[in-house]
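S.K.:
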Amino acid sequence: MDPHSGDTSNSNGQCTASTKSTNGIYHEKQMKELCALHALNNLFQDRQAFTKKDLDDICVSLSPDHFINPHRSMLGLGNYDVNVIMAALQKKDCGTVWFDKRKKISILVFENIKGFILNIPTDYKWGLLRLPFKRKHWIAINKIDDLYYNLDSKLDAPELIGHEQQLLSYLSEQLESREKELLLVVTSDVEQTASWRKHDCDESD
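Sequential numbering from 1 applies to the sequence shown in full-length UniProt numbering.
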């Protein structure tokens, strides 16, 4: 099977939605409630970065004594929480930083940030029925060939954001919503030294 097309699921726990390679960009598309898995694989541009089994194993390791695991959907469809994402990134020697929305986006040092994961509210559906409440959705944003792309698994294809200035505007607009949060993905060294941010500028809004 073409690794960039079709739904896949195997005994190794690989459970991946249809994917599309656009201008060489790897893009997993939404399957079940696996947006966290898609965001991680889209971030690393690697279908094999993580599998559903990897994330399920992390859930168990985080709460080994819980019959109903609090870090995922009780139906086993995904819906992984931020603790799972952070633990998964640690396995890739990456750290994570919740961006303080009271600060200006301009304090970020983009060359020291590997990528971004947005947490946004999304409509909840049961079949074709749209239910009157929201749930959270994970979206990866990454720099590929000097341009930033929105790699949302619900998009038909990667969405071009542009260069650093366009990304600043995009993130600022997204974070105007009280319901949206931004997770910075950095190396462990950058996390420890806090070199993902500028220290010589006014941080207040």
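Each residue gets a CB set at the ideal place from its N, CA and C atoms; glycine is no exception. Values in this document were obtained by computation on a predicted structure and should not be read as measured data.
Which residue comes first and which comes last in the alpha helix (DSSP H) that contains L171?
M.R.: For L171, the enclosing alpha helix (DSSP H) stretches over residues 164-174.
S.K.: I'd like the span of the alpha helix (DSSP H) that includes E28, first residue to last.
M.R.: It is not in any alpha helix (DSSP H) - E28 instead sits in the beta strand (DSSP E) that spans 25-28.
S.K.: Need the endpoints of the alpha helix (DSSP H) that V109 sits in, please.
M.R.: Looking at the DSSP string, V109 is not in any alpha helix (DSSP H), and its letter there is neither H nor E.
S.K.: Let's test the definition: count the other Cβ atoms within 10 Å of the Cβ of K52 and tell me whether it reaches 16, buried, or not, exposed.
M.R.: buried
S.K.: Rounded to a whole number of angstroms, what is the C-alpha to C-alpha distance between W40 and F50?
M.R.: The question names Trp, yet the displayed sequence has Leu at residue 40. One C-alpha to the other measures close to 7 Å.
S.K.: Roughly how many whole angstroms lie between the Cα atoms of K114 and W98?
M.R.: 14 Å
S.K.: Quick one: residues in its chain with C-beta nearer than 7 Å to the C-beta of E182, no 5 flanking neighbours on either side, listed in chain order?
M.R.: Correcting the residue identity first, residue 182 is Leu in this sequence and not Glu. Excluding residues within five positions, the ones whose Cβ falls inside 7 Å are F99, F116, L118, L171, L175.
S.K.: With respect to the beta strand (DSSP E) encompassing L182, which residues constitute its N-terminal and C-terminal limits?
M.R.: 181-187
S.K.: Given a threshold of 16 other Cβ atoms within 10 Å of its Cβ, counted over all protein chains shown, does H199 qualify as buried or as exposed?
M.R.: exposed
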